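Reviewing the structure listed below.
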Amino acid sequence: MEKKRILVVDDHRDTADSLVDALSVSGYQALAAYDGASAINLARSFKPQVALLDIGMPVMDGYELGRRLQGHPDTATIHLIAFTGYSEEVQRRNTEAGSKSGFKEYLVKPVDLGQVVGAIRRMLGEETMQEEVPSRPAEKRRRS
22 MEKKRILVVD
32 DHRDTADSLV
42 DALSVSGYQA
52 LAAYDGASAI
62 NLARSFKPQV
72 ALLDIGMPVM
82 DGYELGRRLQ
92 GHPDTATIHL
102 IAFTGYSEEV
112 QRRNTEAGSK
122 SGFKEYLVKP
132 VDLGQVVGAI
142 RRMLGEETMQ
152 EEVPSRPAEK
162 RRRS
C-alpha cells in the first residue's frame with residue numbers, strides 16, 4: 022500500500038522537521054518546506070494529499086499559500102490543515118479567511134501527534150472508528 026503524502030510548511034525549521042520525523046514514523050511519507058514559495062514548488066512535484074500550513078509565516082502567510090495552492094490545477098485537490106500558534110480567539114476571527122483559503126481543520130500549537138494524525142485521517146476520510154468486536158452468529162443448538 023502506498024504511503025499517504027503529507028507536506029508540512031512552517032518557517033520554524035525545527036517545528037517542521039520534528040513533525041515530518043514524527044509523521045514518517047507514523048507511516049506517512051512527509052516532507053517539509055520552510056516558506057510559501059518553496060511549498061508551492063514542492064507541492065507541484067510531491068503531490069501531497071494533505072498539507073499542514075503554518076498561518077504566521079513571513080512574506081507569504083498560510084492564508085495566501087492556501088489560496089494559491091487551491092487556485093492552481095496541480096494542487097487544488099490538496100486537503101489543507103491550518104497549523105498555527107495563534108490563540109483560539111484569533112483563529113475564530115480568521116475563520117472566514119481560512120475557509121476562503123481552503124482550510125478544513127485548524128490545529129493550535131502546541132499540538133500532539135495524535136491531534137495531527139487525527140486531522141489528517143479526517144481529511145483523508147480515514148477517521149478512526151472505535152473498534153467493534155465482530156458479532157458471531159449464534160450457534161444452533163442441536164436437539165438430541
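Residue numbers (our numbering): 22 to 165.
C-beta: ideal position from N, C-alpha, C; glycine also.
What you are looking at is a predicted structure, and each value in this text was computed from that prediction instead of being measured.
Helix, strand or coil at Tyr49 [DSSP, three-state]: Locating residue 49 in the sequence shown gives position 28, where the first residue counts as 1. DSSP, reduced to helix, strand and coil, places Tyr49 outside both helices and strands of the structure shown, so it counts as coil.
Anticipated Cβ contact below 8 Å, Val71 with His100, distance rounded: The sequence position of residue 71 within the sequence shown is 50, counting from 1. The sequence position of residue 100 within the sequence shown is 79, counting from 1. So it is a contact: roughly 5 Å between Cβ atoms.
Residue burial classification, Thr105 (beta-carbon count within 10 angstroms, cutoff 16): Your numbering for residue 105 matches position 84 in the sequence shown. Buried, because 16 or more other Cβ atoms sit within 10 Å of the Cβ of Thr105.
Distance CB(Lys24)-CB(Gly48) smaller than 8 Å: On the sequence shown, residue 24 is found 3 positions in, with the first residue counted as 1. On the sequence shown, residue 48 is found 27 positions in, with the first residue counted as 1. In this structure, Lys24 places its C-beta atom within 8 Å of the C-beta atom of Gly48.
Inter-residue CB distance, Leu74 and Gly87 (contact presumed, cutoff 8 Å): Within the sequence shown, residue 74 is the residue found at index 53, counting from 1. Within the sequence shown, residue 87 is the residue found at index 66, counting from 1. Going by Cβ atoms, the distance from Leu74 to Gly87 rounds to 6 Å, so yes, they are a contact pair.
Residues near Lys130 in its chain [Cβ-Cβ closer than 6 Å; skip 5 each side]: Residue mapping note: residue 130 aligns to position 109 of the sequence shown, counting from 1. Answer for Lys130: Gly106, listed in chain order.
Same chain, Cβ closer than 7 Å to Ala54, five either side skipped, listed in chain order: Indexing the sequence shown from 1 puts residue 54 at position 33. The beta carbon of Ala54 is closer than 7 Å to those of Leu28, Val30, Ala60, Leu63 in its chain, skipping five residues each way along the sequence.
Pairwise C-alpha distance: Gly83 and Leu90: By 1-based counting over the sequence shown, the position of residue 90 is 69. By 1-based counting over the sequence shown, the position of residue 83 is 62. Leu90 and Gly83: Cα-Cα distance of roughly 10 Å.
Burial state of Val137 (16 or more Cβ within 10 Å): By 1-based counting over the sequence shown, the position of residue 137 is 116. Buried, since its Cβ has 16 or more Cβ neighbours within 10 Å.
Neighbour-count burial assignment, Ala140, 16 or more Cβ in a 10 Å radius: In the sequence shown, residue 140 corresponds to position 119, counting from 1. Buried is the call here.
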